[in-house]
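One structure is given below, encoded as structure tokens.
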Amino acid sequence: MASQIGGALAPLLVVPIQSRYGWRASFYVFGILGACWAIAWHTWFRDSPDRQHAAEQLEVRAPVGHRFPWRSAFRSESAVALLITAFCYVYVYNFFQTWFHTFLVKGRGFSEASLLLSALPYVVAVFANLTGGLASDALVRKLGLKMGRRTLGVTALTVAGLFTLAAMISRQETLSVVFLAVVYGAITFQQSVVFGVCLDIGREHAGAMVGLMNTAAQLGGLVGSVAYGYIVEKLGNYDAPFVPMAALLFLGAALWLRIDASQQLREAPRPAAAALTTR
2 MASQIGGALA PLLVVPIQSR YGWRASFYVF GILGACWAIA WHTWFRDSPD
52 RQHAAEQLEV RAPVGHRFPW RSAFRSESAV ALLITAFCYV YVYNFFQTWF
102 HTFLVKGRGF SEASLLLSAL PYVVAVFANL TGGLASDALV RKLGLKMGRR
152 TLGVTALTVA GLFTLAAMIS RQETLSVVFL AVVYGAITFQ QSVVFGVCLD
202 IGREHAGAMV GLMNTAAQLG GLVGSVAYGY IVEKLGNYDA PFVPMAALLF
252 LGAALWLRID ASQQLREAPR PAAAALTTR
């Protein structure tokens, strides 16, 4: 949620700076702010004895002699579907980090001053991130772990796909931003559920499962950011990339039907530990 607040504030700060002092000035301002924050963080943050003691206790409790069950993960229908789903939705998610403002200017005729409206998707996402987690918990209590997680994921990505097509068809400036705000909001609404499923199926391997999911997700983001520019260059149309974006969102929604958050990954004992047990 905090990252979305940053995205919402960025246009409100960058646009006035660029309008008055030029685009380079915004890099200087945010570069200096970043350096100041790094110094403040280094000065302020310290591990307290209580935190260190808690970390030591956690290390003692951590399972010994087990590693991440790679074979089980890639044989698990739920885990594989989750990885592909992450690829699909971050393919579209990264559009908002890379091409969104270019699309508004060159695809919908926004002026630099009117880009203040581009903060809307991030404002929507602030609330979507939080309410998505709350809604998921409520659905799990009512429908169970499997259907609770699945229902929200399918619904959110289906809505995102439909509004991606609506944004592609719309030619009205404000309406295009509103439609895209719904797309981004729906994606971030189910994003917390994706992390929840990583915890559900990974359990003591939850950190590794999140890392694996994020790897697939960032690969989708990389492909999406390159593909958008390539499609625009080849077809000369800023709307054409929305077709594969919508298709991947619908694919992600369909894959949610294959994700069962109640199926945990099986342990994979180390060979040395297994040999010791045999003796």
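Numbering (our numbering), first residue to last: 2 to 280.
From the three backbone atoms N, C-alpha and C, an ideal C-beta is built for every residue, glycine too.
Please read all numbers here as calculations on a predicted model, not as lab measurements.
Out of S119, L83, W71 and R76, point me to the one whose CA is closest to W100's CA.
The sequence position of residue 100 within the sequence shown is 99, counting from 1. W100 has its Cα closest to that of S119, out of S119, L83, W71 and R76.
If you scan the region 75-159 from start to end, which runs of the alpha helix (DSSP H) of 4 or more residues do you find wholly inside it?
78-94, 96-99 and 121-144
Inter-residue spacing [alpha-carbon to alpha-carbon] between L83 and I260:
Your numbering for residue 83 matches position 82 in the sequence shown. Your numbering for residue 260 matches position 259 in the sequence shown. Counting only the Cα atoms, I260 lies some 7 Å from L83.
Please identify the residue among T159, A262, A126 and A168 whose C-alpha is closest to the C-alpha of L105.
The residue given as residue 105 occupies position 104 in the sequence shown. It is A168 whose Cα lies nearest to the Cα of L105.
Excluding the 5 residues flanking V179 on each side, which residues of the same chain have their C-beta closer than 8 Å to its C-beta?
Residue mapping note: residue 179 aligns to position 178 of the sequence shown, counting from 1. Taken in chain order, the residues that qualify are L121.
Would you mind reading off the limits of the alpha helix (DSSP H) that contains S177?
What you label residue 177 is simply residue 176 of the sequence shown in a count that begins at 1. Looking at the DSSP string, the run of the alpha helix (DSSP H) that includes S177 is E174 to G203.
Buried or exposed by the 16-neighbour rule on C-beta atoms within 10 Å, applied to I40:
Residue mapping note: residue 40 aligns to position 39 of the sequence shown, counting from 1. With fewer than 16 other Cβ atoms within 10 Å, it is exposed.
To the nearest angstrom, report how far apart A63 and C199 are at their CA atoms.
For the purposes of this step, residue 63 is taken as residue 62 along the sequence shown, with counting starting at 1. For the purposes of this step, residue 199 is taken as residue 198 along the sequence shown, with counting starting at 1. With a pLDDT of 46 at A63, under the threshold of 50, the modelled position of that residue is not reliable, and the figure given next carries that caveat. Their Cα atoms are separated by approximately 18 Å.
Within the same chain, show all residues whose beta-carbon is closer than 6 Å to that of A254, passing over the 5 residues directly before and after it, in chain order.
Reading the sequence shown from its first residue, position 253 is the one you call residue 254. Answer for A254: V155, L158 and T159, listed in chain order.
How long is the line joining the alpha carbons of A80 and R204, rounded to whole angstroms?
In the sequence shown, residue 80 corresponds to position 79, counting from 1. In the sequence shown, residue 204 corresponds to position 203, counting from 1. A80 and R204: Cα-Cα distance of roughly 13 Å.
Cβ separation of L135 and T152, assumed to be a contact under 8 Å, to the nearest whole Å
By 1-based counting over the sequence shown, the position of residue 135 is 134. By 1-based counting over the sequence shown, the position of residue 152 is 151. Taking 8 Å as the upper bound for CB-CB distance, L135 and T152 are not in contact here, some 14 Å apart.
Through-space distance from K107 to G221, alpha-carbon basis:
Indexing the sequence shown from 1 puts residue 221 at position 220. Indexing the sequence shown from 1 puts residue 107 at position 106. Cα to Cα, the separation comes out at about 24 Å.
Environment of Y123 [buried if 16+ CB atoms lie within 10 Å]:
Stepping through the sequence shown from its first residue, residue 123 is reached at position 122. It counts as buried.
What number of angstroms, rounded off, separates the C-alpha of G237 from the C-alpha of L250?
By 1-based counting over the sequence shown, the position of residue 237 is 236. By 1-based counting over the sequence shown, the position of residue 250 is 249. Roughly 23 Å separates the two Cα atoms.
Answer yes or no: do G133 and A248 have a C-beta to C-beta separation smaller than 9 Å?
For the purposes of this step, residue 133 is taken as the residue at position 132 of the sequence shown. For the purposes of this step, residue 248 is taken as the residue at position 247 of the sequence shown. Taking 9 Å as the Cβ cut-off, G133 and A248 do not qualify as a contacting pair.
Please classify A262 as buried or exposed, where buried requires at least 16 other C-beta atoms within 10 Å of its C-beta.
Taking the first residue of the sequence shown as position 1, residue 262 is located at position 261. Its Cβ being crowded by 16 or more others within 10 Å, A262 is buried.
CA-to-CA distance, S73 to Y90, given in whole angstroms:
Residue mapping note: residue 90 aligns to position 89 of the sequence shown, counting from 1. Residue mapping note: residue 73 aligns to position 72 of the sequence shown, counting from 1. Cα-Cα distance, rounded: 24 Å.
Per DSSP, what kind of secondary structure is P242 in: helix, strand or coil?
Translated into the one-based positions of the sequence shown, residue 242 becomes position 241. Of the three classes helix, strand and coil, the one that applies to P242 here is coil, per DSSP.
Helix, strand or coil at F251 according to DSSP, with G and I counted as helix
For the purposes of this step, residue 251 is taken as the residue at position 250 of the sequence shown. If DSSP states are grouped into helix, strand and coil, F251 belongs with the helices.
Between which two residues does the alpha helix (DSSP H) carrying Q219 extend?
One-based indexing of the sequence shown puts residue 219 at position 218. Note, Q219: alpha helix (DSSP H), A207 to L236.
Just to check my reading of the structure: I188 and V93 have Cβ atoms closer than 8 Å, yes? What is that Cβ distance to the nearest angstrom?
Within the sequence shown, residue 188 is the residue found at index 187, counting from 1. Within the sequence shown, residue 93 is the residue found at index 92, counting from 1. About 6 Å separates the beta carbon of I188 from that of V93, a gap short enough to meet the 8 Å contact definition.
Could you tell me whether any non-hydrogen atom of the ligand SAM is closer than 8 Å to the CB of V127?
Ligands in the displayed structure: none, and consequently the ligand SAM is not present.
Please classify Q98 as buried or exposed, where buried requires at least 16 other C-beta atoms within 10 Å of its C-beta.
Residue mapping note: residue 98 aligns to position 97 of the sequence shown, counting from 1. That one is exposed.
Whose CA, out of L176, H102, Q191 and S77, lies closest to the CA of F128?
Translated into positions along the sequence shown, residue 128 becomes position 127. Of L176, H102, Q191 and S77, the residue nearest in Cα terms is Q191.
Keeping to the same chain, check which residues put their C-beta closer than 7 Å to that of A207; ignore five residues upstream and five downstream.
On the sequence shown, residue 207 is found 206 positions in, with the first residue counted as 1. Result list for A207: C199 and L200, in chain order.
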